[in-house]
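Below you'll find the structure, written out as structure tokens, and then a few comments.
Residue numbers (this note's numbering): 509 to 778.
Encoded structure:
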């Protein structure tokens with residue numbers, strides 16, 4: 509454990525972070541794929557996150573190792589409550605939901621994957637179930653397609669069961685879903701029918717694409733590779749909350765500064 513981590517655990521973080529009282533009037537939500545959260549970039553990730561002054565952080569591709577654990581410890585030492593699912597010996601990545609200023613409780617599902625986490629927040633407009641999801645990456649192979657399809661089927665079944673069991677609580681799903689919306693521009697052959705069906709299936713839970721709600725003709729992309737960019741990171745919100753969505757978009761500085769290979773996605777609920 510580094511001296512900085514120990515200092516934070518004993519005395520609290522020295523970082524300026526969002527005030528607890530913001531939660532009394534706004535949900536400031538940010539999702540970011542932290543690209544494995546290696547030790548070499550951990551401080552940069554934290555400094556950037558704190559500087560955004562968001563009070564709900566959904567972090568995906570958090571590595572299940574010492575560096576990933578220390579990232580979570582740093583968040584907790586700064587006053588955030590972190591919700592995540594225990595990882596097994598074969599798990600490599602997890603999703604983490606870190607909140608500040610809220611009463612929050614983890615929500616269990618029948619699926620044990622740490623790539624899926626659900627936190628119930630007591631917001632100023634009532635309870636809200638925030639789902640953090642890091643879906644299986646498109647590895648451009650037959651095996652990858654099979655693994656992705658099976659994972660998507662499990663997750664959709666799990667969230668459908670959750671929706672049925674908690675029908676009175678609004679739902680918000682966000683993270684690196686590793687799929688594209690139908691009609692994605694630019695057109696690509698990298699994804700298959702089951703990928704688009706997964707995105708549509710999530711919307712079928714009574715959700716709307718927050719980015720599309722605010723930017724019907726938006727052209728933002730959240731990840732770039734050698735062959736171009738794709739909008740892989742999404743935020744899907746309960747239809748009943750669409751009137752509270754004051755803003756939603758992508759923040760590209762975290763990617764252009766090479767803190768992550770993904771842009772962050774943000775939303776404001778009032």
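Just so you know, even glycine gets a beta-carbon here, dropped at the ideal spot from N, CA and C.
| query | Between residue 700 and residue 686, what straight-line distance do the alpha-carbon atoms span, to the nearest angstrom? | reply | Spanning the alpha carbons of residue 700 and residue 686 requires a straight line of approximately 12 angstroms.
| query | Would you call residue 694 buried or exposed, if buried means 16 or more other Cβ atoms sit within 10 Å of its Cβ? | reply | Result: exposed.
| message | Please report the distance separating the alpha-carbon of residue 664 from that of residue 709. | response | The straight-line gap separating the alpha-carbon atoms of residue 664 and residue 709 is approximately 7 angstroms.
| Cβ-based neighbour list, residue 524, same chain, cut-off 6 angstroms, excluding 5 preceding and 5 following | For residue 524, where only same-chain residues beyond five positions count, there are no Cβ hits under 6 angstroms.
| query | Helix, strand or coil for residue 751 per DSSP? | reply | In the structure shown, residue 751 sits in a helix (DSSP, three-state: H, G or I).
| task | Tell me whether residue 767 sits in a helix, a strand or coil according to DSSP, three-state version. | result | Residue 767: coil per DSSP, three-state reduction.
| field | Proximity below 8 angstroms, CB of residue 749 to CB of residue 635 | value | Going by beta carbons, residue 749 and residue 635 fall outside the 8 angstroms limit.
| field | Reduced DSSP category for residue 517 - H, G, I as helix; E, B as strand; rest coil | value | Because the pLDDT of residue 517 is 44, which lies under 50, any placement of that residue in the model is unreliable, and the question is left without a value.
| Start-to-end residues for the beta strand (DSSP E) that takes in residue 603 | Counting along the chain, the beta strand (DSSP E) containing residue 603 begins and ends at 601 to 607.
| task | Quick one: residues in its chain with C-beta nearer than 7 angstroms to the C-beta of residue 479, no 5 flanking neighbours on either side, listed in chain order? | result | This structure gives no information on residue 479, because the portion of the chain shown stretches from 509 to 778.
| message | Going by DSSP in three states, residue 558 sits in which element: helix, strand or coil? | response | Three-state result, residue 558: helix.
| Length of the line joining the Cα atoms of residue 570 and residue 564 | Note on geometry: alpha-carbon atoms of residue 570 and residue 564 lie some 16 angstroms from one another.
| request: Decide if residue 633 is buried, meaning its Cβ has at least 16 other Cβ atoms within 10 Å, or exposed. | output: Looking at its Cβ environment, which holds fewer than 16 other Cβ atoms inside 10 Å, residue 633 is exposed.
| query | Mind pulling the beta strand (DSSP E) runs of 3 or more residues that sit fully within the stretch 632 to 679? | reply | Correct list: 634 to 642.
| field | Distance CB(residue 642)-CB(residue 684) smaller than 8 angstroms | value | Yes, the pair counts as a contact, with Cβ atoms nearer than the cut-off.
| message | Between the alpha carbons of residue 655 and residue 644, how many angstroms are there, rounded? | response | Straight through space, the alpha carbons of residue 644 and residue 655 are spaced by roughly 7 angstroms.
| request: Classify residue 672 as buried or exposed, calling it buried when 16 or more other Cβ atoms lie within 10 Å of its own Cβ. | output: Around the beta carbon of residue 672, fewer than 16 other beta carbons lie within 10 angstroms, which makes this residue exposed.
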